[in-house]
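I have placed the structure first, in the form of structure tokens, so that the comments after it can refer back to it.
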Amino acid sequence: MTAASAPGKVILFGEHAVVSGAPALGTAIDLRARVSVEDLPGRTEIDVRGLGLRLSGFSIDSDGRVVSLGSSEEAAAAARYVSAVVKTLGARDVRITVSSDIPVASGLGSSAAIVVATLAALSHHMGIAMDVRSIASEAHRIEKAVQRGLGSPMDTALAAYGGYIQISDGVTPLDLPPLDLVVGCTSVPHDTRAEVARVQELKSRYPEIVDPIFKAIGVISRRAVMCIKNLELDELGRLMNINHGLLEAIGVGTRELSELVYAARGAGMALGAKLTGAGGGGCMIALPREGETSKTITAISQARGRAFAVKTGCGGVAVE
Ligand code: MEV
0 MTAASAPGKV ILFGEHAVVS GAPALGTAID LRARVSVEDL PGRTEIDVRG
50 LGLRLSGFSI DSDGRVVSLG SSEEAAAAAR YVSAVVKTLG ARDVRITVSS
100 DIPVASGLGS SAAIVVATLA ALSHHMGIAM DVRSIASEAH RIEKAVQRGL
150 GSPMDTALAA YGGYIQISDG VTPLDLPPLD LVVGCTSVPH DTRAEVARVQ
200 ELKSRYPEIV DPIFKAIGVI SRRAVMCIKN LELDELGRLM NINHGLLEAI
250 GVGTRELSEL VYAARGAGMA LGAKLTGAGG GGCMIALPRE GETSKTITAI
300 SQARGRAFAV KTGCGGVAVE
């Protein structure tokens with residue numbers, strides 16, 4: 000049996016603006032997807048029970064196609080990612096078991112972590128040499144293919160390398176200290192493709208308004224790198240608040256997200272809070288004042304969010 004794990008992620012700054020070339024900053028968090036591979040003569044099976052989803056137990060045919068799908072869309076999606084890796088590596092006669100602490104379909108990089116961990120576990124099991132760099136680029140190609148063209152390299156790069164990554168012209172790993180954040184998830188599902196399309200449409204309708212917003216988000220993103228480096232947390236919190244306002248200005252905020260953002264900021268518990276990822280649903284992040292993590296979690300929970308503490312800058316893919 001071979002097992003590997005890879006982390007989920009949050010985008011700290013720069014979402015949407017990055018689509019038009021501004022830098023974005025993301026970080027790996029201490030929630031992981033785990034994939035184990037064992038020999039199963041005569042059959043290939045994918046078990047996604049460990050994702051906490053309604054259905055499990057998929058079979059795939061010898062071409063790597065999923066031949067039995069269940070009722071849960073998330074389970075089907077997870078099986079599709081794993082199946083794409085099986086096909087890429089030409090694996091057969093294996094049982095692949097997936098489990099994960101990363102909430103699915105929340106913009107926290109669950110699918111990228113599953114693809115990266117599956118590539119690592121399966122290649123190791125098959126004796127195929129893959130370094131982290133080739134895992135990252137292959138995972139990006141697979142995620143993009145399964146998502147029909149969508150997918151920035153951010154999620155797969157963070158799942159592979161861990162730490163912090165800045166995306167602008169290319170993918171740049173940054174050496175920055177860890178932070179304690181709180182993630183708050185709304186129960187509203189979101190559609191990254193639709194949010195990106197809506198923002199790009201707004202930009203082509205009002206370029207003279209949206210371009211400066213993207214430029215400002217880019218400035219925030221660059222400045223945030225220095226703040227994290229020097230642990231200037233008050234300023235980092237202020238930058239999160241400004242970035243959230245700019246994301247609201249381009250229409251990706253929702254009432255549910257803002258309720259969680261304001262709950263976290265209320266009574267001065269968080270130094271800053273913003274939505275993370277594509278918006279339109281999904282999750283927000285808060286930077287709690289020192290010693291205020293559990294109060295921030297309580298405040299977000301009282302506003303009907305699912306809240307949990309995370310550490311940033313965590314390690315990338317690992318064969319266990
Ligand atoms: C979504 O996680 C981040 C966006 O910037 C889209 C992207 O970069 O592909 C909204």
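Mapping the sequence shown onto numbering that gives the first Met the number 0, position 239 (from 1) lands on 238, and the numbers just tick up by one. Using N, Cα and C, we set each Cβ at its ideal position, and we do this for glycine too. In this text the structure is predicted, and so the values were computed from the model without any measurement.
Could you spell out the range, first to last residue, of the beta strand (DSSP E) harbouring residue i?
{"i": "residue 282", "result": "282-287"}
{"i": "residue 260", "result": "It is not in any beta strand (DSSP E) - residue 260 instead sits in the alpha helix (DSSP H) that spans 254-264."}
{"i": "residue 11", "result": "1-12"}
{"i": "residue 313", "result": "First-last for residue 313: undefined, no H or E at that position."}
{"i": "residue 93", "result": "93-99"}
{"i": "residue 28", "result": "23-38"}
{"i": "residue 172", "result": "170-173"}
{"i": "residue 179", "result": "179-184"}
{"i": "residue 212", "result": "Taken as a continuous stretch (DSSP letters only), residue 212 belongs to no beta strand (DSSP E), being part of the alpha helix (DSSP H) at 206-228."}
Using the Cα positions of residue i and residue j, report the straight-line distance between them to the nearest angstrom.
{"i": "residue 251", "j": "residue 181", "result": "20 Å"}
{"i": "residue 14", "j": "residue 85", "result": "31 Å"}
{"i": "residue 391", "j": "residue 246", "result": "Only positions 0 to 319 of the chain appear in the structure, and residue 391 is not among them; the question remains open."}
{"i": "residue 230", "j": "residue 103", "result": "31 Å"}
{"i": "residue 262", "j": "residue 107", "result": "21 Å"}
{"i": "residue 23", "j": "residue 17", "result": "6 Å"}
{"i": "residue 333", "j": "residue 291", "result": "With the chain covering only 0 through 319, there is no way to say anything about residue 333."}
{"i": "residue 274", "j": "residue 40", "result": "46 Å"}
{"i": "residue 305", "j": "residue 259", "result": "10 Å"}
Using the Cβ count rule (16 or more neighbours within 10 Å means buried), how would you classify residue i?
{"i": "residue 319", "result": "exposed"}
{"i": "residue 267", "result": "exposed"}
{"i": "residue 322", "result": "Here the chain covers residues 0 to 319 and nothing more, so residue 322 does not appear."}
{"i": "residue 194", "result": "buried"}
{"i": "residue 208", "result": "exposed"}
Less than 7 Å between C-beta atoms, sequence neighbours within five positions excluded: which residues of the same chain meet that for residue i?
{"i": "residue 55", "result": "In this predicted model, residue 55 has a pLDDT of only 41, less than 50, meaning its place in the structure is not dependable enough to derive any value."}
{"i": "residue 152", "result": "139, 166, 170"}
{"i": "residue 219", "result": "12, 238, 241, 242"}
{"i": "residue 111", "result": "138, 142, 154, 155, 158"}
Give every residue of the same chain whose Cβ lies closer than 6 Å to the Cβ of residue i, excluding the five residues on either side of it in the sequence, and list them in chain order.
{"i": "residue 68", "result": "Residue confidence for residue 68 is low, a pLDDT of 46 falling below 50, so the modelled location carries little weight and cannot support an answer."}
{"i": "residue 187", "result": "255, 280"}
Under DSSP, the alpha helix (DSSP H) around residue i begins and ends at which residues?
{"i": "residue 160", "result": "153-160"}
{"i": "residue 271", "result": "Where residue 271 is concerned, there is no enclosing alpha helix (DSSP H), although the beta strand (DSSP E) it sits in stretches over 269-275."}
{"i": "residue 163", "result": "From DSSP, residue 163 is part of no alpha helix (DSSP H) but of the beta strand (DSSP E) over 163-166."}
{"i": "residue 233", "result": "232-248"}
Only counting the same chain, and skipping five residues up and downstream in sequence, which positions put a Cβ closer than 8 Å to that of residue i?
{"i": "residue 80", "result": "110, 113, 114, 117, 141, 142, 145"}
At least 3 beta-carbon pairs within less than 8 Å: the stretch 73-84 vs the stretch 147-166:
The stretch 73-84, when compared against the stretch 147-166, does not touch it at the 8 Å Cβ threshold.
Segment contact, 8 Å Cβ cut-off, at least three pairs: the stretch 25-36 with the stretch 202-222
With a cut-off of 8 Å, the stretch 202-222 and the stretch 25-36 do not count as touching, because too few Cβ pairs lie within range.
Would the stretch 32-43 count as touching the stretch 80-100 if we require 3 or more Cβ pairs under 8 Å?
Yes, the stretch 32-43 touches the stretch 80-100.
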